[in-house]
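A quick write-up on the structure given underneath.
2 protein chains.
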Amino acid sequence: MGGGAAGRRHGARRGGAMTPRAALRDPKQDRSRATRQRLLEAAVACLAEHGWARSTVAVVAERAGVSRGAAQHHFPTREDLFTAAVQHVAEERSAALRALLSHERGEGREQREPGGPGRVAEVVEALVELYTGPLFRAALQLWVVASYEEQLGARVAALEARIGRETHRMAVEALGADESVPGVRESVQGFLDMARGLGLANLLTDDRARRDRVVAQWARILDDVLRAPS
Amino acid sequence: MGGGAAGRRHGARRGGAMTPRAALRDPKQDRSRATRQRLLEAAVACLAEHGWARSTVAVVAERAGVSRGAAQHHFPTREDLFTAAVQHVAEERSAALRALLSHERGEGREQREPGGPGRVAEVVEALVELYTGPLFRAALQLWVVASYEEQLGARVAALEARIGRETHRMAVEALGADESVPGVRESVQGFLDMARGLGLANLLTDDRARRDRVVAQWARILDDVLRAPS
Numbered sequence: 001m002g003g004g005a006a007g008r009r010h011g012a013r014r015g016g017a018m019t020p021r022a023a024l025r026d027p028k029q030d031r032s033r034a035t036r037q038r039l040l041e042a043a044v045a046c047l048a049e050h051g052w053a054r055s056t057v058a059v060v061a062e063r064a065g066v067s068r069g070a071a072q073h074h075f076p077t078r079e080d081l082f083t084a085a086v087q088h089v090a091e092e093r094s095a096a097l098r099a100l101l102s103h104e105r106g107e108g109r110e111q112r113e114p115g116g117p118g119r120v121a122e123v124v125e126a127l128v129e130l131y132t133g134p135l136f137r138a139a140l141q142l143w144v145v146a147s148y149e150e151q152l153g154a155r156v157a158a159l160e161a162r163i164g165r166e167t168h169r170m171a172v173e174a175l176g177a178d179e180s181v182p183g184v185r186e187s188v189q190g191f192l193d194m195a196r197g198l199g200l201a202n203l204l205t206d207d208r209a210r211r212d213r214v215v216a217q218w219a220r221i222l223d224d225v226l227r228a229p230s
Numbered sequence: 001m002g003g004g005a006a007g008r009r010h011g012a013r014r015g016g017a018m019t020p021r022a023a024l025r026d027p028k029q030d031r032s033r034a035t036r037q038r039l040l041e042a043a044v045a046c047l048a049e050h051g052w053a054r055s056t057v058a059v060v061a062e063r064a065g066v067s068r069g070a071a072q073h074h075f076p077t078r079e080d081l082f083t084a085a086v087q088h089v090a091e092e093r094s095a096a097l098r099a100l101l102s103h104e105r106g107e108g109r110e111q112r113e114p115g116g117p118g119r120v121a122e123v124v125e126a127l128v129e130l131y132t133g134p135l136f137r138a139a140l141q142l143w144v145v146a147s148y149e150e151q152l153g154a155r156v157a158a159l160e161a162r163i164g165r166e167t168h169r170m171a172v173e174a175l176g177a178d179e180s181v182p183g184v185r186e187s188v189q190g191f192l193d194m195a196r197g198l199g200l201a202n203l204l205t206d207d208r209a210r211r212d213r214v215v216a217q218w219a220r221i222l223d224d225v226l227r228a229p230s
């Protein structure tokens with residue numbers, strides 16, 4: 001569930017050459033959009049791998065194969081570039097979650113009703129996966145920088161609140177959780193906090209073996225909590 | 001459960017003027033130790049508030065009220081200072097956890113057996129609290145920088161692994177969890193991952209109201225899991 005794959009799906013959906021809308025497009029505008037998209041993806045990758053201090057507009061431009069002038073045309077300041085990249089990360093995460101939901105409901109899985117056997121474990125594993133890839137690493141760098149960089153702080157906080165709400169809504173839907181039952185809302189939230197913490201634990205070392213055991217256990221616990229008559 | 005308070009307790013325990021060992025001490029060495037301690041505490045506070053990029057040796061020295069020369073005598077490089085500060089953060093966290101455990105077992109609470117009513121909720125709240133203060137904010141900055149700074153990476157990863165093991169051991173003890181029961185070990189680990197994720201969610205906004213509801217619900221869940229005959 002890497003940023004690149006999600007970005008390609010996203011781009012393909014919006015800019016497919018066979019759609020009537022695309023046929024009316026200005027090729028110059030298309031090239032400009034493609035350049036912008038490459039810069040945003042490079043900014044996210046750069047941030048995930050090298051952190052804020054080493055992610056300058058010049059470094060991102062070089063990585064994207066774009067001239068520094070063209071990069072500055074699209075994003076006059078470093079803050080502009082990385083704020084737009086936060087937005088990009090947010091859209092990538094939403095697209096990845098939407099893809100997960102449609103996949104989970106796709107061919108050969110219709111019998112698995114929300115709450116059916118194995119469904120909770122599948123959804124839990126897929127949601128945790130979202131917090132262990134490059135998208136989460138980039139978002140983490142931005143959260144940490146936004147905690148002391150005023151120019152980023154308010155915008156990133158607002159974005160993160162929106163992403164948090166959307167992730168929660170998608171998790172509730174995918175898990176088939178009934179939030180009218182007391183405690184269910186907080187159970188799902190706590191599980192998403194756990195997924196975030198597992199992402200953090202994976203930052204410095206490959207934590208997969210431990211994570212798999214924790215996720216298997218907590219999928220069982222969450223399954224019990226969501227099925228229990230309260 | 002701030003760094004300062006834990007540091008003072010820690011310092012008092014080791015350097016109390018009335019102990020026979022202190023009476024044998026060289027006053028010059030004591031001053032040197034005090035300077036070093038001030039630098040470490042300033043480095044942690046600086047990191048928590050301003051992030052890595054703005055936390056230079058000069059900034060930390062000024063904050064500690066120490067000359068730049070004295071700071072460089074103790075810590076020749078920036079990496080030396082902040083690696084030692086990581087160690088300091090680790091000791092602070094251990095001291096805070098030990099204080100929590102002895103407090104929980106202190107006066108008027110003897111009746112609360114591990115696993116007794118209310119005990120799990122109390123321990124869960126106190127453990128989550130550890131991840132929402134300045135110590136966690138400083139550690140988070142270090143984790144994130146260590147993810148791409150080679151000089152810090154291996155040392156911070158080793159330290160974090162050690163702290164993780166110690167936190168887990170203390171949580172098991174405080175919760176009265178029986179790890180010979182299948183799943184109990186992973187339940188406690190997942191709960192600590194949740195606490196870490198809650199700390200992260202508190203980075204950009206004051207998340208206390210939501211966190212309190214999540215913690216109350218997950219304390220109930222963990223209590224059920226730990227009491228259940230497996």
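So the sequences go chain by chain: S and X.
UniProt numbering numbers the first residue of the first sequence as 1 and each following residue consecutively.
UniProt numbering numbers the first residue of the second sequence as 1 and each following residue consecutively.
Glycine is no exception: its CB is placed at the ideal position from the N, C-alpha and C atoms.
Review point. Given alanine 228 of chain S, which residues of its chain have a CB within under 6 angstroms of its CB, disregarding the five upstream and five downstream residues?
Key: No residues qualify anywhere along the chain.
Exercise for review: For residue 233 of chain X, decide whether its Cβ has a neighbour in chain S, counting only Cβ atoms nearer than 9 angstroms.
Suggested key: The structure shown does not extend to residue 233 of chain X, since chain X is modelled only from 1 to 230, so the question has no answer here.
Review point. Which two residues bound the contiguous alpha helix (DSSP H) that contains aspartate 223 of chain S?
Key: Counting along the chain, the alpha helix (DSSP H) containing aspartate 223 of chain S begins and ends at 208-227.
Exercise for review: With a threshold of 16 other CB atoms inside 10 Å of the CB of glycine 199 of chain X, please say whether the residue is buried or exposed.
Suggested key: Counting C-beta atoms within 10 angstroms of its own C-beta, glycine 199 of chain X has 16 or more neighbours from the protein chains shown and is therefore classed as buried.
**Study point:** chain X contact for alanine 195 of chain S (CB, 9 angstroms cutoff)
**Key:** At a cut-off of 9 angstroms between beta-carbon atoms, alanine 195 of chain S makes contact with chain X.
Practice item. Using a Cβ-Cβ cut-off of less than 9 angstroms, list which residues of the stretch 201-220 of chain X approach chain S; keep chain order. Key: Cβ contacts with chain S: Ala201, Leu203, Leu204, Thr205, Arg210, Arg211, Arg213, Val214, Val215, Ala216, Gln217, Trp218 and Arg220.
Practice item. Confirm, please, whether the CB-CB distance from alanine 157 of chain X to leucine 204 of chain S is below 9 angstroms. Key: yes
Check your understanding: Is the CB-CB distance between serine 180 of chain X and glutamine 217 of chain S below 9 angstroms?
Key -> no
**Study point:** Assigned exposure category for histidine 73 of chain X - 16 Cβ within 10 Å defines buried
**Key:** exposed
Check your understanding: Closer than 9 angstroms, CB to CB, is phenylalanine 82 of chain X near chain S or not?
Key -> no
Check your understanding: Roughly how many angstroms lie between the CA atoms of threonine 167 of chain X and alanine 174 of chain X, to the nearest whole one?
Key -> Threonine 167 of chain X and alanine 174 of chain X have their C-alpha atoms spaced approximately 10 angstroms apart.
Exercise for review: Measuring alpha carbon to alpha carbon, tell me which of X/Phe82, X/Ala146 and X/Leu159 ends up nearest leucine 39 of chain X.
Suggested key: X/Phe82
Exercise for review: Examine chain X for any beta-carbon lying closer than 9 angstroms to the beta-carbon of serine 180 of chain S, and answer yes or no.
Suggested key: no
Point to revise | Other residues of its chain near valine 215 of chain X: CB distance less than 8 angstroms, five sequence neighbours each side excluded | key: Val124, Glu125, Val128 and Leu198
Check your understanding: How would you label aspartate 193 of chain S, buried or exposed, when you count the other beta carbons within 10 angstroms and need 16 or more for buried?
Key -> buried
Practice item. Could you check the C-alpha separation between arginine 36 of chain S and arginine 162 of chain S for me, to the nearest Å? Key: 23 angstroms
Review point. Arginine 155 of chain X to threonine 132 of chain S, Cα distance in whole Å?
Key: 22 angstroms
Practice item. Note down, in chain order, all residues in the stretch 139-173 of chain S with a beta-carbon under 8 angstroms from any beta-carbon belonging to chain X. Key: Residues Leu140, Gln141, Trp143, Val144, Val145, Ala146, Ser147, Tyr148, Glu149, Gly153, Val156, Ala157, Glu160, Ala161 and Gly164.
**Study point:** glutamate 79 of chain X at chain S interface by Cβ criterion, 9 angstroms
**Key:** no
Check your understanding: In whole angstroms, what is the alpha-carbon distance linking alanine 42 of chain S and arginine 169 of chain S?
Key -> 29 angstroms
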